[in-house]
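Heads up: the sequence lines are chains H and U, in that order. To convert, count from 1 in the first sequence and add 29; that's the numbering used here. To convert, count from 1 in the second sequence and add 29; that's the numbering used here. Written below as structure tokens is the structure these notes are about.
There are 2 protein chains.
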Amino acid sequence: MSADDRAMMRAALAEARAAAARGEVPVGCVIARGPEVLAAAGNEREARGDATAHAEVVAIRDAGIALGGWRLDGATAFVTLEPCPMCAGALWQARITRLVYAAADPKAGGAGSVMDIVRNPRLPHRVEVESGLLADEAGALLREFFAARR
Amino acid sequence: MSADDRAMMRAALAEARAAAARGEVPVGCVIARGPEVLAAAGNEREARGDATAHAEVVAIRDAGIALGGWRLDGATAFVTLEPCPMCAGALWQARITRLVYAAADPKAGGAGSVMDIVRNPRLPHRVEVESGLLADEAGALLREFFAARR
């Protein structure tokens with residue numbers, strides 16, 4: 030993973046922190062094509078009253094609007110937490126080329142931990158996956174958020 | 030499955046037909062709680078330029094807005110085609126109690142055909158699933174749509 034990847038994940042972490050400040054589970058996502066950021070979003074589930082408003086789904090929607098079409102071939106999604114099954118499926122549907130996530134989610138991860146939706150050999154295409162970039166920071170943010178709520 | 034279930038699936042088929050008329054892959058979804066329709070939507074992927082704008086995701090969003098919160102416990106989703114991995118994950122995230130789908134999707138179905146995201150024993154909760162209701166009508170609609178495009 031490159032210095033550019035690290036900068037993109039730092040931007041995703043900033044989105045996660047902003048989500049925490051709004052009382053949302055702190056997850057952030059940046060979608061980029063090369064050096065160009067197509068969309069950046071944090072989790073908005075509670076504010077929107079919408080179970081589908083995870084950071085990844087919001088960012089995929091915004092990236093499609095930015096590009097004028099839903100196909101995100103050639104783009105990379107940087108996410109601070111391993112995507113859930115819905116978000117892994119959304120990245121797959123959007124034809125994202127590459128997924129980089131920070132912390133793994135052993136309870137509900139849909140990109141390798143509980144299921145692997147983005148690399149299922151029975152589906153017609155797959156997404157490249159890398160993980161662990163800035164995972165300590167992303168994990169600490171989530172732990173602090175849930176500790177403060179107990 | 031009851032007469033009410035059949036009426037709800039007929040409404041989902043009407044949404045699928047309206048989607049086809051707009052040039053979208055014809056899939057429709059109705060979300061109901063008992064006799065009350067919370068949301069009804071067809072696929073809007075092309076019109077919105079949004080890979081996540083499948084009928085189920087649009088209906089889940091609208092149902093959350095209608096109820097003032099994202100939890101759809103006690104609700105049933107009626108879908109004309111077996112949900113893809115994203116949509117199966119979205120129904121799971123929304124805590125939908127029951128999923129009824131018409132036609133199966135052997136290529137990309139996420140509720141039993143290729144994967145079973147809504148009944149994965151490793152995830153913290155599951156969705157009840159029934160299938161086959163008005164499957165011939167739903168399947169014919171899809172076949173006609175794709176035949177006309179070839």
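Ideal placement from N, C-alpha and C gives every residue a C-beta, glycine not left out. In this text the structure is predicted, and so the values were computed from the model without any measurement.
Review point. DSSP three-state call for H:C113: helix, strand or coil?
Key: Taking the first sequence and counting its residues from 1, one reaches residue 113 of chain H at position 84. Coil.
Review point. Which residues mark the beginning and the end of the alpha helix (DSSP H) in which H:L42 is found?
Key: Numbered from 1 along the first sequence, position 13 holds the residue referred to as residue 42 of chain H. Its alpha helix (DSSP H) spans residues 32 to 50.
**Study point:** Collapsed DSSP secondary structure at U:E157 in the structure displayed
**Key:** As a working mapping, residue 157 of chain U is identified with position 128 in the second sequence. Strand, per DSSP.
Practice item. Return the first residue and the last residue of the beta strand (DSSP E) that U:I60 is part of. Key: By 1-based counting over the second sequence, the position of residue 60 of chain U is 31. Element bounds for U:I60: 57 to 62.
Review point. Taking the Cβ atom as the reference point for each residue, do H:D34 and H:T105 lie within a distance shorter than 9 Å?
Key: Within the first sequence, residue 34 of chain H is the residue found at index 5, counting from 1. Within the first sequence, residue 105 of chain H is the residue found at index 76, counting from 1. Result yes, Cβ atoms of H:D34 and H:T105 sit closer than 9 Å.
Check your understanding: Nearest CA to the CA of U:M37: which residue from U:G63, U:A169, U:R46, U:A50?
Key -> Start at 1 with the first residue of the second sequence, and residue 37 of chain U comes out as number 8. Taking only the C-alpha atoms, the option nearest U:M37 is U:G63.
Review point. What separation, rounded to the nearest whole angstrom, lies between the Cα atoms of H:L162 and H:V87?
Key: Looking up residue 162 of chain H in the first sequence gives position 133. Looking up residue 87 of chain H in the first sequence gives position 58. Cα to Cα, the separation comes out at about 22 Å.
Exercise for review: For the segment 128 to 138 of chain U and the segment 93 to 101 of chain U, state whether three or more C-beta atom pairs, one from each stretch, are separated by less than 8 Å.
Suggested key: no
**Study point:** C-alpha gap between U:R39 and U:F174, whole angstroms
**Key:** As a working mapping, residue 39 of chain U is identified with position 10 in the second sequence. As a working mapping, residue 174 of chain U is identified with position 145 in the second sequence. Taking the straight line joining both Cα atoms gives about 18 Å.
Point to revise | Own chain partners of U:S160 with C-beta closer than 6 Å, once the 5 adjacent residues on each side are dropped | key: On the second sequence, residue 160 of chain U is found 131 positions in, with the first residue counted as 1. Correct list, in chain order: Y130.
**Study point:** Contacting residues, own chain, Cβ-Cβ under 6 Å from U:A133 (five flanking each side not counted)
**Key:** Residue mapping note: residue 133 of chain U aligns to position 104 of the second sequence, counting from 1. Cβ neighbours of U:A133 beyond the five flanking positions: E111, S142.
Practice item. Identify, in the order they occur along the chain, each residue of the same chain with its Cβ nearer than 6 Å to the Cβ of H:V56, setting aside the five sequence neighbours on each side. Key: Along the first sequence, read from residue 1 onward, the residue named residue 56 of chain H stands at position 27. Cβ within range, chain order: A45, N72, A84, T109, L110.
**Study point:** Where the segment 78 to 105 of chain U meets chain H: residues whose CB sits under 8 Å from a CB there
**Key:** G78, D79, A80, T81, A82, H83, V86, I89, R90, G93, I94, L96, G97, G98, W99, R100, L101
Check your understanding: In whole angstroms, what is the alpha-carbon distance linking H:R51 and H:E75?
Key -> For this step, residue 51 of chain H is matched to residue 22 along the first sequence. For this step, residue 75 of chain H is matched to residue 46 along the first sequence. Distance between the alpha carbons of H:R51 and H:E75 is about 9 Å.
Exercise for review: Take H:M147 as the anchor and find which of H:M115, H:R178, H:A167 has the nearest alpha-carbon.
Suggested key: Here residue 147 of chain H is taken as the residue at index 118 of the first sequence, counted from 1. Checking the sequence shown, residue 147 of chain H turns out to be Val, not Met. Measuring from the Cα of H:V147, the nearest candidate turns out to be H:M115.
Check your understanding: Apart from the five residues just before and just after U:L170, which ones in its own chain have a Cβ nearer than 8 Å to its Cβ?
Key -> Position 141 of the second sequence, counting from 1, holds the residue named residue 170 of chain U. Counting only Cβ-Cβ distances below 8 Å, and skipping sequence neighbours, we find L42, A45, R46, A49, P55, T109.
Point to revise | Beta-carbon neighbours of H:N149, restricted to chain U and to distances below 9 Å | key: Taking the first sequence and counting its residues from 1, the one referred to as residue 149 of chain H is at position 120. The contacting residues are P114, V143, M144.
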